[in-house]
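Since the structure comes first, as structure tokens, the remarks are kept for the end.
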Amino acid sequence: MRKELYLASFAAIAWASLAAPAVAQDAPASPAATSGEVADGSDIIVTARRRNETTLQTPVVLTAFSAEKLDSLHVTSVTDVAKLTPMLIIAPATGPYGGNLTLRGVASPSSNAASEPAVTINIDGVPLSFGGVVRMATMDVGQIEVLKGPQALFFGKNSTGGIVSIRTAEPTSTFQSQFSAAYEFHAHQVDLDGFVSGPVSDTLSLRAAGKFTRQRGYFKNVAPTPGFDYGPGTAEEGFRLSANWKPTERLTVKLRGTYDNVHEHGTDATSQKIACSGPLGAPQGFTGAEDCTLNNTMASAPIPSAAIRAKTGNLDWDSDTPYLRVKQHLITADISYQLTDSISLNSVTGWYGINQRAVDPGTTGAKFFIGTLANIRKNSFSQEARLTFRSPDSPIDLMFGGFYQSDHLLDREQVVGVGLAGPGVITPFSAYWTFPLNSKAISAFGQMDWNITQQLSLSTGVRYSQDSKYHNIVSPAPLTATFTAQKVTFSNWSPEATLAFKPNEDTNFFVSYKQGYKSGAFSIGATNYTGSEVAPIDPSYNPETVQGFEGGVKARLFDHQLRLNLSAYSYKYKNLQLSRLDPVTTALIILSASSARVKGLEGDVSFSPRSVPGLTINGAAALNSAKYDSSFVGGCYVGQTFAGGCSLVVNGKAQQQFQGRTLPRAPKFSASGGFSYETAVGGNLKTKFNLNGIYTSKYFLSQELNPIGIASNRFLLDGSISVGSESGGYEFSLIGRNLTDRNYPYSGFQTPFTGGGTGTAVGQLPDFEGPISRGREIWLKVTIRPGAL
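FYI, in the numbering used here the residues of the sequence shown are 530 to 1318.
Shown next, in the form of structure tokens:
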């Protein structure tokens, strides 16, 4: 019944778009408009095709957020963007690898330092192929665009699931500054941020922005002997320097340098048990701490680091208290030169680095202690060049280019347990392994836009990609690590074509055929260490590819008071890359599913009635089906019985069939809605109201589709009230986030060494744990803009 209601809603919106008259037409956006600007009071300038055009002109399914919208709800991290976007899930990962993005049920292997992301974060044109960037502060942002579905041509690297494109704020041609201070009561969090921007000369403008955060934490540590009282206990500093230089009318140089430093109470400081199948407080653990309920508590008790050092001989275990230290930097150079009036050359260069150290001598549960140590360093250099021909006298626009990226990754890990072999006994699960990985990506691409008539246009293009991965395993003496493939190379052609019909300047119908590709890689950390030797192993896995169709309509109606976007899509994925944590060996296993079908409907609407100046009402909905499309046999979840589907045996291991079943982290329905209203209140004052809610249906958290590892239906509500001067010189805001106070799991996994009886007639389900969302937040914020006082 619900599905019929959803479909009926889409049909009603579609009928309204065809029946409503387009009373007026506006001229196209000025070519001088820049990303983030509003073209006509109702549409935003975006760069989804690496050119400045309105969302209506762009035949791409996307959602865009202006800096004002993000600031009004105090969005300070990439993770928060998912609260505004149906079908987008951004999860900070348990472990040192940062995070994972899922869009329409398509995700990357989590907690694997080497895997390419299916949904890529792109900052100022530079693709960042590492989940750790999720931890980087979303600071001084100009605009965020969420591009949905495969993206092959415009963002440096291929993407099979989508792209979250972040544009930092531009230096200004006039002097501007802004400073804000915010305080959140529950976590005792203080956020200070601001920027100073303006011209240095007639050709050079600079912008300096900074962020400072201190937080006690929002999860109380209820362990009997806690290493810290509240998690995550964040301390963060970030800084960005931006420069725009235009020495001539033909040359533009944009430079950005960002540094971010985060320190928290370990990678598990926001994790808790989601479900427990057995009695709490087993003899080898501690008693009474874990309640297996989604709430604002967690349990982490330290393992004495001196005892670990004595057992392992590894001096890097240097703290009883868990900690996570992440330092990141990003430097970008975007240079454009107008060779002629119709031919331009653009170069985008990026240098990205992350240094991450995690010492977790603790536990997130009550059954036993487990400790992890990880040191990760990654450096990435990328270079893209594009040559573009675009002339008002020609019906054809052309773009050609190339892309190069070189990554160097070093991952060092060790895992220990205590209590598994008896009370207080420390058991090293492995020695101190080192996993270096070098990657090179080279691609060439081209695109043609053909304006067949004034209303009909065809865009076609293709990208050729070649990826090489070099991997080694450096095992501690006296072990010698060998494996079958130390180098793998993958290549791919990804074409796409879009046909767009614009009967007038207020309506755009489009249909696209797209292919996408994501490189194969290695399962970093995968060994078959037997305790005395390392046998040959090939930890590589295959590339992921996708092809399919999407289409839709974008329209401005009722004299531009209403904006409407509707789309439908159907894509087939091959060798879909998935990951699962083996609860017996605690190793992360990367899988390549045979195929999956992802299809659905999406729509969003924005209404700004002229009869109520300052009011905007918005809504969005998405209906999605993401399922295994052919035979795929994989591991059973712990405790899964014959009757529960664990009825196959492959190579002596219990397996289950996934064909026709839902992908993990793939909700079937999601919808958001809200409004913003701004009005003068007298005395040279104005007030703003913002409210935004998002509903997400339930979904499985892990690849094994464990029935106790489910994120249930949730509704989240954010809102804000602001009062300030009409000039914008000062503003006081009361901001509420997650007002429904809903704790929900971002992701999850089966707790190792719990449950049993897998593949038998009688089984016991395991415990389940993972990172949990923050509860209700109440912020007070003051913003000062000295130039407007």
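By construction, the Cβ of each residue, glycine as well, lies at the ideal position given by its N, Cα and C atoms. No experiment lies behind these values; they were computed from the predicted model shown.
Compare the beta carbon distance of residue i and residue j with 8 angstroms and say whether it is the shorter of the two.
{"i": "G1316", "j": "Q705", "result": "yes"}
{"i": "G1304", "j": "N904", "result": "no"}
{"i": "A620", "j": "S1201", "result": "no"}
{"i": "Y1098", "j": "T1074", "result": "no"}
{"i": "A514", "j": "V670", "result": "No answer is possible for residue 514: it lies beyond the span of the chain, which begins at 530 and ends at 1318."}
{"i": "D936", "j": "N967", "result": "yes"}
{"i": "L902", "j": "Q943", "result": "yes"}
{"i": "N1180", "j": "S1121", "result": "no"}
{"i": "T592", "j": "V675", "result": "yes"}
{"i": "A698", "j": "T796", "result": "no"}
{"i": "Y993", "j": "S972", "result": "yes"}
{"i": "G1248", "j": "L1268", "result": "yes"}
{"i": "I860", "j": "W846", "result": "no"}
{"i": "Q857", "j": "V1127", "result": "no"}
{"i": "L1091", "j": "F1039", "result": "no"}
{"i": "G685", "j": "P656", "result": "yes"}
Taking the C-alpha atoms as reference points, what is the distance between residue i and residue j?
{"i": "K1310", "j": "T667", "result": "17 angstroms"}
{"i": "A1189", "j": "K1156", "result": "Looking at the sequence shown, residue 1189 is not Ala but Gly. About 6 angstroms."}
{"i": "L632", "j": "H603", "result": "23 angstroms"}
{"i": "K802", "j": "D940", "result": "27 angstroms"}
{"i": "P776", "j": "V729", "result": "13 angstroms"}
{"i": "N1219", "j": "A1149", "result": "16 angstroms"}
{"i": "K1182", "j": "Y866", "result": "60 angstroms"}
{"i": "Q1185", "j": "T1289", "result": "13 angstroms"}
{"i": "I872", "j": "N908", "result": "34 angstroms"}
{"i": "L1177", "j": "S1160", "result": "13 angstroms"}
{"i": "G931", "j": "Y1102", "result": "26 angstroms"}
{"i": "N1147", "j": "I652", "result": "27 angstroms"}
{"i": "D1158", "j": "P1193", "result": "14 angstroms"}
{"i": "V719", "j": "K598", "result": "21 angstroms"}
Closer than 6 angstroms by C-beta to residue i: which residues in its own chain qualify, once you throw out the five before and the five after it? Chain order, please.
{"i": "N773", "result": "P700, S734, K783"}
{"i": "I864", "result": "V782, S876"}
{"i": "K532", "result": "Any answer about K532 is weak, because its pLDDT of 43 lies below 50 and its placement is not dependable; what the coordinates show is given next. Excluding positions up to five away in sequence, the list is empty."}
{"i": "F683", "result": "R578, R579"}
{"i": "F1393", "result": "Nothing about residue 1393 can be reported from this structure: the residues present for the chain run from 530 to 1318 only."}
{"i": "V1313", "result": "The sequence given here has Ile at residue 1313, not Val. So the qualifying residues of the chain are F708, Y1259."}
{"i": "S559", "result": "Unreliable placement is indicated for S559, whose pLDDT of 35 sits below 50; the coordinate value is still reported in the next sentence. None."}
{"i": "F768", "result": "G739, Y788"}
{"i": "F828", "result": "Here residue 828 is Ala; the residue named in the question, Phe, does not match the sequence. So the qualifying residues of the chain are V751, A752, A818, E819."}
{"i": "S1320", "result": "Outside the shown range of the chain (530 to 1318) lies residue 1320, about which nothing can therefore be said."}
{"i": "S1205", "result": "T1145, N1219"}
{"i": "S1262", "result": "S1249, S1251, K1310"}
How far does the alpha helix (DSSP H) with residue i in it extend, from its first residue to its last?
{"i": "S935", "result": "No alpha helix (DSSP H) contains S935, which is instead part of the beta strand (DSSP E) from 925-947."}
{"i": "P834", "result": "Checking the sequence shown, residue 834 turns out to be Ser, not Pro. First-last of the alpha helix (DSSP H) with S834: 834-841."}
{"i": "E597", "result": "596-601"}
{"i": "V589", "result": "Run containing V589: none; DSSP gives neither H nor E here."}
{"i": "V725", "result": "Segment 718-728 is the beta strand (DSSP E) holding V725; no alpha helix (DSSP H) there."}
{"i": "D789", "result": "D789 -> not in any alpha helix (DSSP H); beta strand (DSSP E) instead, spanning 780-793."}
Starting from the Cα of residue i, find the closest Cα among the options and give me that residue.
{"i": "D1035", "options": "G1077, G1049, K1043, R1085", "result": "R1085"}
{"i": "Q1293", "options": "S1302, I1301, T1283", "result": "T1283"}
{"i": "S977", "options": "S601, R919, V1017", "result": "The amino acid occupying residue 977 in the given sequence is Met; Ser does not appear at that position. Per the Cα distances, R919."}
{"i": "G1077", "options": "T982, A681, S994, T584", "result": "A681"}
{"i": "S590", "options": "D600, S601, G690", "result": "Sequence check: residue 590 is Val here, not Ser. Of D600, S601, G690, the residue nearest in Cα terms is G690."}
{"i": "L1130", "options": "A1151, P1138, R1139, S1123", "result": "A1151"}
{"i": "V947", "options": "V1082, K840, T763", "result": "K840"}
{"i": "S1123", "options": "R838, N1221, V1162, S1154", "result": "V1162"}
{"i": "A862", "options": "P831, G1049, E913", "result": "E913"}
{"i": "G990", "options": "Q984, D609, D926, N1037", "result": "D926"}
I'd like the list of long-range same chain contacts for residue i, defined as Cβ closer than 7 angstroms, with 5 residues on each side in sequence excluded.
{"i": "G1299", "result": "T623, S800, I803, L1230, P1274, Y1275, S1276, G1277, F1278"}
{"i": "K677", "result": "V590, L591, L632, R633, G691"}
{"i": "F958", "result": "V944, V945, G946, T1115"}
{"i": "E713", "result": "E1306, I1307, W1308"}
Considering just the uninterrupted stretch of the beta strand (DSSP E) at residue i, what are its terminal residues?
{"i": "D996", "result": "985-1000"}
{"i": "T614", "result": "No beta strand (DSSP E) contains T614, which DSSP labels as neither H nor E."}
{"i": "Y1224", "result": "1214-1225"}
{"i": "D863", "result": "852-867"}
{"i": "Q672", "result": "670-677"}
Apart from the five residues on each side of it in sequence, which residues of its chain come closer than 8 angstroms, Cβ to Cβ, to residue i?
{"i": "G1168", "result": "S806, G1284, G1285, G1286, T1287, G1292, Q1293, L1294, P1295"}
{"i": "D1270", "result": "G1304, R1305"}
Can residue i be considered in contact with the ligand MG, in the sense that its beta carbon sits closer than 7 angstroms to one or more heavy atoms?
{"i": "E582", "result": "Looking for the ligand MG in the displayed structure turns up nothing, as the structure carries no ligands at all."}
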